[in-house]
Amino acid sequence: MTSPETFETPQGRRLAYHLTPGEGPCVVFLGGLKSDMEGTKALHLEAWARRTGRAFLRFDYSGHGLSSGAFEEGAIGDWAEDTRAITGALITGPMAPVGSSMGGWQALLLARAVPDRIAGLVTIAAAPDFTEDGYWASFSDTQKSQLESEGRVELPSDYMEPYVVTQRMIADGRDNLVLRSPLDLPFAVRCLQGTADTAVSTQTALRLLDHAISPDMRLLLVKDADHRFSDGPCLGLIEAAVTDVLRLAAAT
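In terms of this note's numbering, the sequence shown is numbered consecutively and its last residue is 253.
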């Protein structure tokens, strides 16, 4: 496996990435919280891009994977800065973000920031506004007090070691909410969601579908699929969704 390239953001964060040359729009995989660009979905999409001659970018946010920084020091806004910086520098034409979990939130933030550069968008178990609607809303009074006094709390995860949630992550998340104000997505959007997902509920997917403004937005619920959404059938559904939004972009 080839070593990743490194890109330095204007904020001085060093991001590891792999860029596959090919035809545009460039497909950009945006991973989830504490995940990295070596995950099953990212590698599967890269292999698909190579087979089909499609440009493709995968990278690690700061504090993730092989990029610089500590996870506990980061927040949603930092990773949005990372995403805008690396896509702005490495991709010259339109792009099609594919956001998984927290990456779905990042894809929506990117689309809100540069809507004219988005050819189409795919989300997988998207988790917009989860710092407010998931973390903060579920915190007990004890946890809220601990966050204020110690600046952090630890939360168990069904998928990996406990998450460290910092006071800065909560505050910064409030500055980047996307479900509280109009969310215009003027391109095709495909949302994928498993009904057995214990990290992101189908209600979140339905709320996003109801809230966003799009000429062609569809939600596919997959019975018994979990948050990873990475078995063979689910990977095939991701391919199909990406192919669909790219086809529609080419037709416009």
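A virtual CB, placed ideally from N, CA and C, is assigned to each residue, including glycine. Note that the structure is predicted; figures quoted are calculated from it, not measured.
Would you check if the distance between the CB atom of residue i and the CB atom of residue j is smaller than 8 Å?
| i | j | result |
| --- | --- | --- |
| L111 | T143 | no |
| M218 | V190 | yes |
| L20 | L122 | no |
| C192 | L220 | yes |
| A17 | F72 | no |
| G100 | L34 | no |
| S69 | R15 | yes |
| E133 | G174 | yes |
Excluding the 5 residues preceding and the 5 following residue i in the sequence, name in chain order all residues of the same chain whose CB lies nearer than 7 Å to its CB.
| i | result |
| --- | --- |
| A86 | T10 and P11 |
| P22 | A56 |
| P129 | G105, W106, L109, V179, L180 and L209 |
| L222 | Q194, T196 and T203 |
| E82 | T10 and Q12 |
Going straight from the alpha carbon of residue i to that of residue j, what length do you get?
| i | j | result |
| --- | --- | --- |
| L156 | Q147 | 12 Å |
| L118 | S63 | The residue asked about is misnamed: residue 118 is Arg in this sequence, not Leu. Rounded to whole angstroms, R118 to S63 spans 23 Å at the Cα level. |
| D225 | E240 | 19 Å |
| L44 | M38 | 8 Å |
| N177 | H212 | 16 Å |
| I214 | S158 | 32 Å |
| Y164 | H65 | 13 Å |
| A50 | T253 | 22 Å |
| E162 | R229 | 15 Å |
| I125 | E47 | 16 Å |
| V201 | V115 | 26 Å |
| S231 | G152 | 34 Å |
| C235 | R52 | 19 Å |
| T67 | D79 | It should be pointed out that residue 67 corresponds to Leu in this sequence rather than to Thr. Their Cα atoms are separated by approximately 16 Å. |
| P187 | G40 | 29 Å |
Is it right to say residue i is buried, meaning 16 or more other beta carbons lie within 10 angstroms of its own, or is it exposed?
| i | result |
| --- | --- |
| Q194 | buried |
| A206 | buried |
| T84 | buried |
| G54 | exposed |
| P26 | buried |
| G94 | exposed |
| A172 | exposed |
| D198 | buried |
| A127 | buried |
CB-CB under 6 Å to residue i, same chain, minus the five flanking residues each way: which ones, in chain order?
| i | result |
| --- | --- |
| Y136 | V166 |
| I77 | D173, G174 and N177 |
| Q168 | L148 and G152 |
Measuring from the CB of residue i, is there a heavy atom of the ligand ZN at a distance below 7 Å?
| i | result |
| --- | --- |
| T53 | Among the ligands in the structure shown, none appear at all, so the ligand ZN cannot be discussed. |
Whose C-beta lies closer than 8 Å to the C-beta of residue i among residues of the same chain, with five residues either side of it excluded?
| i | result |
| --- | --- |
| E24 | G54, R55 and A56 |
| A97 | P26, C27, V28, V29, I119, A120, G121, L122, V123, V243, V246, L247 and A250 |
| F140 | L148 and V154 |
Segments assigned beta strand (DSSP E), at least 3 residues, entirely inside the region 85-117: Every beta strand (DSSP E) stretch that sits fully inside the region 85-117 and reaches 3 residues is listed by chain position as 96-101.
3 or more residues per run - each beta strand (DSSP E) lying fully within the region 21-53: As for any beta strand (DSSP E) of minimum length 3 sitting wholly inside the region 21-53, the runs are 24-31, ordered along the chain.
Any beta strand (DSSP E) of 3 or more consecutive residues that is wholly inside the region 142-222: Runs of the beta strand (DSSP E) lying entirely within the region 142-222, each at least 3 residues long, are 153-156, 164-167 and 189-195 in chain order.
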